[in-house]
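All residue numbers for the sequence shown refer to our numbering, where the first residue is 138 and numbers rise by one.
Glycine is no exception: its CB is placed at the ideal position from the N, C-alpha and C atoms.
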Amino acid sequence: RGVHEALNAIEAARVQNGNLDRRHHLTHLEVMAPADVPRFAELGVLADFQMSTDFVLPEYLPFYWWYLGKRRTEERVLRLRDVFDSGAWVVLSSDYDVGELSPFSGMARALTRGEQSLPDIDAAIRAYTVNASYLMQQEDEVGSIEKGKLADIIVLDRNIVEIDLDEVGETKVLLTLLEGEEVWRSPDFASAPTAQSDDPALALAPLVDNLVRVWAFNNATQEWTFYDPRPAFTHINTVTGLVTGQPYWIIVRMNQTVTLDSKERTLFAGWNIIVW
């Protein structure tokens with residue numbers, strides 16, 4: 138009844154005030170009447186499910202049977218796929234510490250619920266990322282990797298879009314970046330090797346496998362020069378030598394340190410500007 142009355146209240150508010158882009162949402166959607174399933178899409182209400190809690194496990198079915206009976210349990214408990222198929226925005230969240238904090242546990246359980254499973258891993262990822270950011274009205278800042286957003290990124294120990302669904306829940310985070318800055322690294326995820334040299338040209342040599350491109354502005358010619366390590370660009374590279382006192386824009390794939398003039402400097406994944 139809680140879901141039904143909440144949807145009624147939102148519907149009444151919309152009639153009274155119009156749609157003010159409030160992005161109403163309901164959470165803890167363990168039980169709902171079949172008639173309320175299509176109302177999420179009809180009213181534009183986001184549906185936030187917590188699939189990482191123990192209450193979604195098969196061994197808890199007798200708990201629901203005791204209170205609801207088997208028929209009502211089948212009709213009303215955790216109608217994840219029904220809500221998804223109705224066209225509603227589906228969000229997944231943890232409900233920590235009632236359930237596991239890891240989103241991968243929630244994804245795995247949302248994908249292995251038989252007829253009520255989400256259709257694929259992409260839907261589960263979007264429920265934790267793009268859809269969640271839309272719910273919070275933060276889609277311009279987080280939720281996807283795009284130019285202008287905060288670059289909140291994690292590196293995983295496996296490719297969750299290719300592995301078996303049974304393995305998704307075992308996924309571990311190796312690296313966490315917030316706004317592009319490294320805030321946590323697993324001991325199992327080694328940094329790139331450290332380059333050490335007082336000569337910029339020699340210092341960049343160990344970066345080759347990590348290096349994307351180097352730009353520099355030649356004050357004498359008033360022209361931009363660049364160096365790209367890929368063989369296809371060898372014949373058009375215009376950086377002929379790296380010199381001290383010159384600013385360089387350097388793009389690397391992952392964090393790496395260099396030592397120049399006895400000073401250790403960190404190049405962060407993405408854009409860096411360094412002056413020797």
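Quick check: residue i and residue j, are their CB atoms within less than 8 Å of each other?
i    : j    : result
V298 : L311 : no
T210 : L198 : yes
L287 : V279 : yes
V389 : L348 : yes
L344 : Q383 : no
S231 : G306 : no
W166 : V140 : First, the amino acid is wrong: residue 166 is Leu here, not Trp. A contact, by the Cβ cut-off of 8 Å.
D294 : T308 : yes
A406 : Y385 : no
For my contact list, residue i and residue j are in at a C-beta cut-off of 8 Å; report their separation, rounded to the angstrom.
i    : j    : result
Y201 : V193 : Contact flag wrong, Cβ pair sits at about 11 Å.
R138 : V174 : Between V174 and R138 the Cβ distance is about 15 Å, and since that is not below 8 Å, they are no contact.
D185 : L157 : So it is not a contact: roughly 20 Å between Cβ atoms.
I387 : N409 : 5 Å
F370 : V351 : Going by Cβ atoms, the distance from F370 to V351 rounds to 11 Å, so no, they are not a contact pair.
V412 : L404 : With 8 Å as the limit, V412 and L404 do not qualify as a contact, their Cβ atoms being about 13 Å apart.
Q187 : G236 : 6 Å
Kindly indicate which residue of the options has the alpha-carbon position closest to the one of residue i.
i    : options                   : result
P195 : L144, A247 and N154       : A247
T81  : S270, T375, I290 and F370 : The requested residue 81 is not part of the displayed model; the chain covers only 138 to 413.
D289 : E316, L238 and H372       : E316
D301 : A245, T403 and F354       : A245
Q275 : D346, F177 and R159       : R159
V182 : L144, V351 and F354       : L144
L238 : S223, P366 and Y265       : Y265
S223 : P171, P240, G155 and A269 : P171
D346 : E360, V220, R367 and E142 : R367
R402 : D365, L341, E304 and H372 : L341
M391 : T313, H372 and I373       : T313
P415 : E212, Q153 and A269       : Nothing can be reported for residue 415, as the shown portion of the chain is limited to 138 through 413.
V168 : Q153, I373, V220 and V152 : V220
F177 : Q153, E148 and Y233       : E148
L84  : R218, E283, I282 and E318 : A query on residue 84 cannot be resolved here, the shown segment of the chain reaching from 138 to 413 and no further.
Compute every distance between the C-beta of residue i and the non-hydrogen atoms of the ligand MN, then say whether any falls below 7 Å.
i    : result
D257 : With respect to small molecules bound, the structure shown includes none, and the ligand MN cannot be examined in it.
Any contact of the segment 221 to 231 with the segment 249 to 262, i.e. 3+ C-beta pairs under 8 Å?
yes
Between the segment 239 to 254 and the segment 203 to 212, do three or more beta carbon pairs fall short of 8 Å?
no
3 or more residues per run - each beta strand (DSSP E) lying fully within the segment 148 to 232
162 to 164, 183 to 186 and 227 to 229
For the segment 276 to 339, which segments carrying the beta strand (DSSP E) assignment without a break, of at least 3 residues, lie completely within its bounds, in sequence order?
290 to 293, 310 to 315 and 318 to 322
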